Amino acid sequence: MELQHLDLRGERCPMALLRAKRFAAEFSSPQPWTLSVSDAASMQDIQRYFLHCGWQIQCQTQATDYLLMLYPSDFKMPDSEPAHWAKSKANNAAK
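End of the sequence shown = 526 in our numbering, gap-free, step of one.
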């Protein structure tokens, strides 16, 4: 299963939170997904909202961006970071 990704870099709240909520609502059943955001306040608002709704979240900072991995409440979170995060780190380090 390929993870869905929402790129919210450049978006600020409240639009970033509204787009994240709309994106998550499009799933026929809750599934893991990722999002990128560059605004710290938006990242905090998104985390707060989805934690309140029962989602589990992992967050990683990459330069000036934040990468969030969101899991449904009944999903077993991995013990290590997702493989595509490591690839993303390697690509950023090479730049």
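Ideal Cβ positions, reconstructed from N, Cα and C, are used throughout, including at glycine.
As the structure is a prediction and not an experimental result, all values here were calculated from the model.
Taking the CB atoms as reference points, tell me whether residue i and residue j lie closer together than 9 Å.
{"i": "Leu501", "j": "Phe481", "result": "yes"}
{"i": "Leu434", "j": "Pro463", "result": "yes"}
{"i": "Phe469", "j": "Thr495", "result": "Residue identity differs from the one stated: residue 469 is Ser in this sequence, not Phe. Against a cut-off of 9 Å, the Cβ pair of Thr495 and Ser469 comes out as a contact."}
{"i": "Pro445", "j": "Phe506", "result": "no"}
Can you name the start and end residues of the beta strand (DSSP E) that residue i belongs to?
{"i": "Gln493", "result": "487-493"}
From the DSSP output, read off the bridge partner residues of residue i.
{"i": "His436", "result": "Thr465"}
{"i": "Asp496", "result": "Gln493"}
If you drop the 5 nearest sequence neighbours on each side, which residues of the same chain put their C-beta closer than 8 Å to that of residue i?
{"i": "Leu466", "result": "His436, Leu437, Asp438, Leu439, Ala451, Phe454, Ile477, Leu498, Leu499, Leu501"}
Take residue i and list the residues in its own chain whose beta-carbon comes closer than 6 Å to its own, dropping the five residues that flank it on each side.
{"i": "Leu449", "result": "none"}
{"i": "Gly485", "result": "Ser504"}
Which residues in the same chain have their Cβ closer than 7 Å to the Cβ of residue i, if we skip the five residues on either side of it in sequence?
{"i": "Gly441", "result": "Ser469"}
{"i": "Arg443", "result": "Asp470, Ser473"}
Measuring only between beta-carbons, confirm whether residue i sits less than 9 Å from chain D.
{"i": "Trp464", "result": "The displayed structure is made up of one protein chain only, and chain D is not part of it."}
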